[in-house]
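Residue numbers (my numbering): 45 to 269.
Even glycine gets a Cβ: it sits at the ideal position worked out from N, Cα and C.
This structure is a prediction, so every number in the text was calculated from the model and none was measured.
Here's the structure we're looking at; comments come further down.
See below:
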């Protein structure tokens, strides 16, 4: 018997977004914001029988609010580490305006909606110490895809314990063009989350690579490749 209650978890994540002020940042009333998210309940409940309770390293689903509604510069400061209060920060090595140029890979074919749900999210701690390019290849071989910036921020927002000392994660679903060698990542700096980037050929013992099994919007579903 599956003891995980996906319906209750859906409500918790909606409330988390509201309590952090996402509706205000999206210039919407709380009611309108709830109505925007509510259609995502259907694809979540359709998969509920296959879900297991979330752990620090793997969660069944995450509600994602894209930069179309809330800019990354505003969503990152809403993140915290588990049991901490210091707001997340953005690495200063991102040049002014450069975050807008880091976009989701077209190969992900993300739902064309301002909010959607990502399923079977793994922070990828097994890839700590692995060259990011090699980790990406391993993830692809499993018919999974790397998380985008917004998906990584959402994971941290709903599950703060997912980001821990020596268990941080790259977000390879977002890149700046085919020739740029930087891979966005979330790690810990001075007791707070930090959105930064690392080189795709440089391994770090504390940095894995997060991935997802599939995604769905209110009117569309995107499975793994």
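Closest by C-alpha distance to residue i, when choosing among the options
| i | options | result |
| --- | --- | --- |
| residue 122 | 190, 203 and 47 | 203 |
| residue 139 | 255, 239, 245 and 244 | 239 |
| residue 58 | 70, 69, 72 and 78 | 78 |
| residue 114 | 237, 193, 243 and 252 | 193 |
| residue 144 | 228, 177, 176 and 232 | 228 |
| residue 172 | 230, 85 and 248 | 248 |
| residue 270 | 164, 116, 224 and 89 | Since the first residue shown for the chain is 45 and the last is 269, residue 270 is missing from the structure and cannot be characterised. |
| residue 142 | 71, 187 and 220 | 220 |
| residue 195 | 175, 48, 166 and 87 | 166 |
| residue 54 | 88, 63, 71 and 80 | 88 |
| residue 133 | 91, 262 and 233 | 233 |
| residue 111 | 97, 156, 223 and 73 | 156 |
| residue 154 | 224, 169, 200 and 218 | 218 |
| residue 131 | 260, 222 and 64 | 64 |
| residue 224 | 86, 82, 117 and 147 | 147 |
| residue 117 | 226, 135, 127 and 128 | 135 |
| residue 95 | 52, 222, 80 and 226 | 52 |
Alpha carbon of residue i to alpha carbon of residue j, nearest angstrom
| i | j | result |
| --- | --- | --- |
| residue 61 | residue 67 | 8 angstroms |
| residue 271 | residue 107 | Because the chain is modelled from 45 through 269, residue 271 falls outside the range shown and cannot be assessed. |
| residue 185 | residue 75 | 42 angstroms |
| residue 93 | residue 137 | 43 angstroms |
| residue 268 | residue 152 | With a pLDDT of only 49 at residue 268, under the threshold of 50, the placement of this residue in the model should not be trusted, and no figure is reported. |
| residue 104 | residue 257 | 10 angstroms |
| residue 47 | residue 91 | 14 angstroms |
| residue 235 | residue 120 | 14 angstroms |
| residue 205 | residue 129 | 13 angstroms |
| residue 56 | residue 86 | 16 angstroms |
| residue 263 | residue 188 | 21 angstroms |
| residue 259 | residue 97 | 18 angstroms |
For residue i, three-class secondary structure by DSSP
| i | result |
| --- | --- |
| residue 215 | coil |
| residue 269 | Residue confidence for residue 269 is low, a pLDDT of 49 falling below 50, so the modelled location carries little weight and cannot support an answer. |
| residue 75 | helix |
| residue 107 | strand |
| residue 54 | helix |
| residue 198 | helix |
| residue 126 | coil |
| residue 93 | helix |
| residue 258 | strand |
| residue 133 | strand |
| residue 115 | coil |
Under 9 angstroms between C-beta atoms of residue i and residue j
| i | j | result |
| --- | --- | --- |
| residue 161 | residue 69 | no |
| residue 125 | residue 199 | no |
| residue 230 | residue 197 | yes |
| residue 109 | residue 158 | yes |
| residue 169 | residue 101 | yes |
Minimum Cβ-Cβ distance from residue i to chain D less than 9 angstroms
| i | result |
| --- | --- |
| residue 186 | Looking at the structure shown, chain D is missing, and only one protein chain is on hand. |
The stretch 207 to 214 contacting the stretch 235 to 254, beta-carbon criterion three pairs below 8 angstroms: The stretch 207 to 214 makes contact with the stretch 235 to 254, as at least three CB pairs between them are under 8 angstroms.
Segment contact, 8 angstroms Cβ cut-off, at least three pairs: the stretch 240 to 248 with the stretch 173 to 184: The answer is yes - the stretch 173 to 184 touches the stretch 240 to 248, with three or more Cβ pairs under 8 angstroms.
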